[in-house]
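So the sequence shown is residues 3 to 282, counted in this note's numbering. Below is one structure, written out as structure tokens, with a few remarks after it.
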Amino acid sequence: MQKAMDGGTDKDVCYRTVNLFARQRYIYLFSDAPNLVKTARNCLLHSGSDRCTRYMWNEGFFVLWQDVAQMYYQDVQNCLKLLPRLTFDHINLNAYSKMRVSLAAQVLSASMAAVLRSFGPPEAEGTAKYCEMVEGFQWLLKFLDYLKTWKEACDNRPGNFDQNARSKIFILWQTHEGFQLTVYSVIEATQFLLQEGMEFVLTERFCQDSLEEYFGHQRKLGRRNDNPDIRAFGYNNNAIRIQRQVSCQSGNTRGRKDRTRAWEQVTDDPIPCKKKVIRD
């Protein structure tokens with residue numbers, strides 16, 4: 003729908019659309035970067051392990067979760083740890099730990115890539131490069147070049163592979179498209195903001211933490227009611243609006259850090275009694 007209004011970009015994905023209320027500007031589309039890192043880790047988790055829905059391959063090397071797991075179990079037996087941050091929870095994931103961004107980021111890291119290259123088998127090179135490049139997601143265009151080369155290698159791999167089989171030796175197409183959306187949007191949005199006079203741009207603010215925090219409060223107030231009507235939703239919204247007078251720090255998001263409206267001074271002193279009015 004937005005492709006016809008993207009300003010004539012030659013990219014594979016539609017990552018922007020014209021702002022109908024200010025046609026000289028664009029609205030940029032983002033995928034949440036922390037969630038992209040988690041889905042990239044989950045693609046590796048399911049590659050030859052866990053549900054085994056994929057068997058990723060890149061330029062002659064398989065990209066497998068067992069390379070990471072074997073390196074962890076070898077490192078557990080050492081007195082001096084090569085991977086001190088990795089724990090049992092990083093390798094044996096459950097429904098809750100799969101949602102933790104820190105566990106995904108610490109697996110897909112440059113340190114993991116270095117250990118796999120130095121102490122792992124030669125066939126772990128594909129997994130090492132994958133960890134290194136996802137950790138290097140900050141090097142935006144270089145990372146997209148890596149994904150493009152990988153996709154071309156999968157499409158041109160010799161053998162009797164149908165389209166479904168070729169898709170399973172690459173990351174999920176949703177993850178691939180999400181990375182493209184985010185990279186192109188971050189670059190252009192940052193350039194636009196700097197040209198408009200901003201002194202700096204905090205790219206960590208390009209996230210959906212505010213939305214997750216809000217709907218997390220809605221679910222908490224709704225309790226068992228997972229299908230609220232407009233009346234219940236509005237009632238909960240009023241409660242959230244009042245509660246925001248207190249700046250709470252909890253949950254899986256950074257949350258608001260508006261200290262100017264927080265109740266920083268809390269006391270147990272009793273409230274003074276109202277003076278009695280003596281009537282003549």
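A virtual CB, placed ideally from N, CA and C, is assigned to each residue, including glycine. Given the structure is predicted, the values throughout are model-derived calculations rather than measurements.
Alpha carbon to alpha carbon, what distance is there between residue j and residue i?
i: Tyr-132; j: Gly-62; result: 13 Å
i: Asn-80; j: Glu-137; result: 25 Å
i: Phe-90; j: Ile-189; result: 37 Å
i: Pro-230; j: Gly-224; result: 7 Å
i: Ala-35; j: Ile-232; result: 31 Å
i: Lys-83; j: Gln-220; result: 43 Å
i: Asp-157; j: Phe-64; result: 15 Å
i: Val-70; j: Ser-33; result: 26 Å
i: Met-308; j: Tyr-28; result: With the chain covering only 3 through 282, there is no way to say anything about residue 308.
i: Ser-169; j: Arg-56; result: 8 Å
i: Asp-14; j: Val-78; result: 44 Å
i: Thr-19; j: Leu-143; result: 21 Å
i: Val-109; j: Tyr-17; result: 29 Å
i: Gln-76; j: Leu-88; result: 12 Å
i: Leu-118; j: Lys-222; result: 42 Å
i: Asp-164; j: Cys-45; result: 20 Å
i: Gly-218; j: Pro-160; result: 48 Å
i: Asp-228; j: Tyr-216; result: 15 Å
i: Asn-21; j: Leu-196; result: 19 Å
i: Lys-276; j: Asn-238; result: 33 Å
Which residues does DSSP list as the beta-bridge partners of residue i?
i: Val-20; result: Tyr-28
i: Arg-56; result: Ser-49
i: Phe-64; result: Trp-59
Quick one, which of the options has its alpha-carbon nearest residue i's?
i: Asn-60; options: Phe-172, Asp-211, Leu-38 and Ala-191; result: Phe-172
i: Lys-150; options: Gln-197, Pro-274, Met-135 and Gly-50; result: Met-135
i: Phe-202; options: Asn-227, Asp-8 and Ala-191; result: Ala-191
i: Ala-130; options: Lys-100, Phe-145, Ser-111 and Lys-144; result: Ser-111
i: Glu-179; options: Gln-210, Pro-272, Leu-146 and Gly-199; result: Leu-146
i: Leu-85; options: Arg-207, Ala-115, Ala-24 and Trp-67; result: Ala-115
i: Arg-207; options: Ser-51, Gly-218 and Thr-184; result: Thr-184
i: Asn-37; options: Arg-53, Asn-96 and Ala-106; result: Ala-106
i: Lys-40; options: Met-58, Lys-100 and Gln-193; result: Lys-100
i: Asn-96; options: Asp-52, Gln-72 and Val-117; result: Asp-52
i: Thr-177; options: Asp-164, Pro-124 and Lys-153; result: Lys-153
i: Glu-125; options: Cys-54, Asp-271, Gln-72 and Arg-226; result: Gln-72
For residue i, count neighbouring C-beta atoms within 10 Å of its own C-beta (all shown protein chains included) and say buried if the count is 16 or more, exposed if not.
i: Ala-167; result: exposed
i: Gly-236; result: exposed
i: Ile-93; result: buried
i: Gln-26; result: exposed
i: Asn-240; result: exposed
i: Arg-43; result: buried
i: Gly-128; result: buried
i: Gln-182; result: buried
i: Gly-122; result: buried
i: Leu-213; result: exposed
i: Ser-104; result: exposed
i: Tyr-30; result: buried
i: Ala-24; result: exposed
i: Tyr-98; result: exposed
i: Met-200; result: exposed
i: Ser-187; result: buried
i: Glu-198; result: exposed
i: Leu-66; result: buried
Along the chain, which unbroken stretches of the alpha helix (DSSP H) at least 4 residues long are found entirely within the region 78-124?
Restricting attention to alpha helix (DSSP H) runs no shorter than 4 residues, the region 78-124 encloses them at 90-93, 103-109 and 112-121, ordered along the chain.
Please give me, in chain order, every unbroken run of the alpha helix (DSSP H) with length at least 4 that falls completely inside the region 121-167.
Secondary structure remark: continuous alpha helix (DSSP H) runs of at least 4 residues inside the region 121-167, in chain order: 127-137 and 142-157.
Which residue spans inside the region 172-216 form an unbroken alpha helix (DSSP H) run of at least 4?
Every alpha helix (DSSP H) stretch that sits fully inside the region 172-216 and reaches 4 residues is listed by chain position as 175-197.
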